[in-house]
Structure formats: C-alpha cells, structure tokens
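Residue numbers (this note's numbering): 586 to 848.
And the structure:
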C-alpha cells in the first residue's frame with residue numbers, strides 16, 4: 586500500500602429490488618383486588634406446573650413455538666396467562682427467532698410487552714448468542730460451516746440496519762475476535778478496507794471472514810459488495826492476511842461470495 590494513495594471508502598448496498606376495569610357503582614378495593622388475584626392464581630399456577638412437567642418429560646421437541654415463548658414469559662410475568670402475549674409477539678414478528686431478534690422499542694409496541702418483558706427477551710437473546718460464541722471459539726471456523734452460518738444468522742439476520750461484522754482468525758482458523766466494524770442504514774454501510782486490515786494486524790490475525798446483513802431479507806450480493814471484497818482481499822494479500830469469505834446474511838437465507846466465485 587502506498588502512503589500517498591488516498592484511502593478508499595466503500596458503501597455496502599443491497600440490490601434494488603387487558604387490565605381490570607372499574608364497573609359503575611362498584612368500588613374496587615385492595616381486598617377485592619387481592620381476592621380476585623387469589624381466585625385466579627390456582628388456575629394459572631396449575632397450568633404453569635403442568636407445562637413445566639410436560640417439558641421435563643418430552644423436552645422442547647414436544648412444544649410449539651408459542652408454548653416455548655409462553656414459558657419463557659413466566660420469568661418476567663409472575664402471574665397470569667402468558668399465552669396471549671406469546672401469540673401476539675409471534676403474530677407481530679413472524680417467528681421465535683424474529684421475536685428474540687426484534688429491537689426493544691418494537692417489542693414494547695406489542696400490548697402487554699412492557700419494559701421488563703422486553704428487557705428479558707433481549708437479555709435471553711444476548712445470552713444465547715454468547716453461548717454460541719463461546720462454542721465457536723473452540724472450533725475451527727472453516728470446519729463447522731453450518732454452525733458458523735447459524736451463529737451469524739442469530740447475530741445479524743433480524744437487525745434493522747446493515748452492519749459489517751469481521752471474524753478474526755488465527756493460523757488454525759479458530760476465532761480470535763468477533764467485532765462489528767461498522768453500522769449503517771437500512772440499505773448500506775460504510776466500509777474502510779485499510780481499517781479492517783489494520784485491525785487484523787493489531788490482533789495478529791492470519792485470516793478474516795467478512796459478514797454483513799441485508800435487512801430486506803434478500804442476501805443477493807450487490808456490485809458494491811463484490812468490489813469491496815476484492816479490494817480488501819487485495820490489500821490483505823499484501824499484508825499476509827487471507828480473506829476466507831464474505832458472507833451476506835438475510836432473513837431468507839445467506840450467500841457466500843467465495844462459494845459463488847465472486848472474488
């Protein structure tokens with residue numbers, strides 16, 4: 586790389602394409618509220634216990650997605666029926682993965698999903714991602730392709746804005762670091778090739794995998810995606826850094842630029 590050469594900036598861009606109501610004449614007191622709660626509690630408590638017992642017997646395979654989410658909501662919602670909220674969340678976002686991947690402010694738009702529930706859902710999603718990340722760090726990234734895709738999909742497929750993620754690998758192709766290098770808008774992300782290679786050198790990485798998402802759901806690479814990948818691969822080659830792949834993640838699948846022989 587020449588010191589006089591101006592730095593290049595690329596922009597990744599997608600291809601175009603019910604609480605209780607006070608009744609008239611009836612005064613709601615603390616005693617009546619407690620009595621109503623105690624009367625309802627045995628029903629919900631019994632249902633929850635039966636759900637837990639069933640899970641212990643058959644595991645998650647015997648449960649529909651709404652039932653798994655229903656049970657997940659037992660923690661932030663201590664009493665009452667969580668099934669309606671579970672079904673409402675799935676109806677709004679489409680799938681269990683999309684519920685956990687949804688931004689907190691959108692979760693809170695669903696009736697019954699307050700700050701505590703929304704926080705719990707995001708915390709559990711983060712915990713699941715951390716668990717996947719710890720497992721990936723012990724394996725050769727190139728030897729567990731399906732796990733790599735699952736990991737990237739869980740992290741990025743449901744993001745509302747494009748982001749560029751870099752997986753830094755050592756000589757054995759095990760994961761050194763996973764970093765979000767840039768966050769952009771709904772359809773493009775600024776990319777600085779020299780900064781990516783510079784960061785790889787700082788981490789003593791021997792190779793990298795580029796990953797970015799298309800919020801539209803379509804993982805088809807754009808011309809900008811391809812040109813940016815070629816530029817980073819060229820600079821990396823000069824510095825002894827291998828670009829193993831550039832993976833594009835969408836809700837509807839993924840694309841591998843290496844697999845498509847685009848660089």
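Where is the CB? At the ideal position from N, CA and C, for every residue including glycine.
Taking the alpha-carbon of residue i as reference, which of the options has the nearest alpha-carbon?
i, options, result
"residue 761", "768, 790 and 747", "790"
"residue 825", "764, 775, 754 and 835", "754"
"residue 678", "662, 822 and 692", "692"
"residue 838", "742, 756, 820 and 769", "742"
"residue 794", "829, 821, 818 and 731", "829"
"residue 769", "823, 781, 798 and 778", "798"
"residue 817", "841, 810 and 778", "778"
"residue 687", "710, 666, 765 and 665", "710"
"residue 841", "807, 666 and 819", "807"
"residue 805", "831, 822 and 827", "831"
"residue 803", "809, 756, 836 and 813", "836"
"residue 717", "675, 738 and 744", "738"
"residue 792", "758, 823 and 695", "758"
Give the DSSP-derived three-state secondary structure of residue i in the structure shown.
i, result
"residue 692", "helix"
"residue 803", "coil"
"residue 778", "helix"
"residue 848", "coil"
"residue 753", "strand"
"residue 714", "helix"
"residue 632", "helix"
"residue 658", "coil"
"residue 773", "strand"
"residue 625", "Residue confidence for residue 625 is low, a pLDDT of 48 falling below 50, so the modelled location carries little weight; the figure read from the coordinates is stated next. It is helical."
"residue 641", "helix"
"residue 737", "helix"
"residue 680", "coil"
"residue 729", "coil"
Flag this pair as yes or no: are the beta carbons of residue i and residue j separated by less than 8 angstroms?
i, j, result
"residue 787", "residue 767", "no"
"residue 700", "residue 746", "no"
"residue 784", "residue 763", "no"
"residue 776", "residue 834", "no"
"residue 639", "residue 631", "no"
"residue 672", "residue 659", "no"
"residue 847", "residue 811", "yes"
"residue 685", "residue 706", "yes"
"residue 683", "residue 667", "no"
Looking at the strands, I want to know which residues DSSP matches up with residue i.
i, result
"residue 748", "768"
"residue 840", "833"
"residue 760", "754"
"residue 796", "750 and 832"
"residue 827", "792"
"residue 597", "774"
Under 8 angstroms by Cβ, that's how I've got residue i and residue j pegged, so tell me the actual separation to the nearest angstrom.
i, j, result
"residue 773", "residue 657", "About 35 angstroms; that fails the 8 angstroms criterion."
"residue 697", "residue 670", "4 angstroms"
"residue 782", "residue 820", "5 angstroms"
Any heavy atom of the ligand SAH closer than 7 angstroms to the CB of residue i?
i, result
"residue 785", "For the ligand SAH, the structure offers nothing, since it holds no ligand at all."
Would you say residue i reaches chain B, if we count a Cβ-Cβ gap shorter than 8 angstroms as a contact?
i, result
"residue 799", "Although the question refers to chain B, the structure presented lacks it and comprises just one protein chain."
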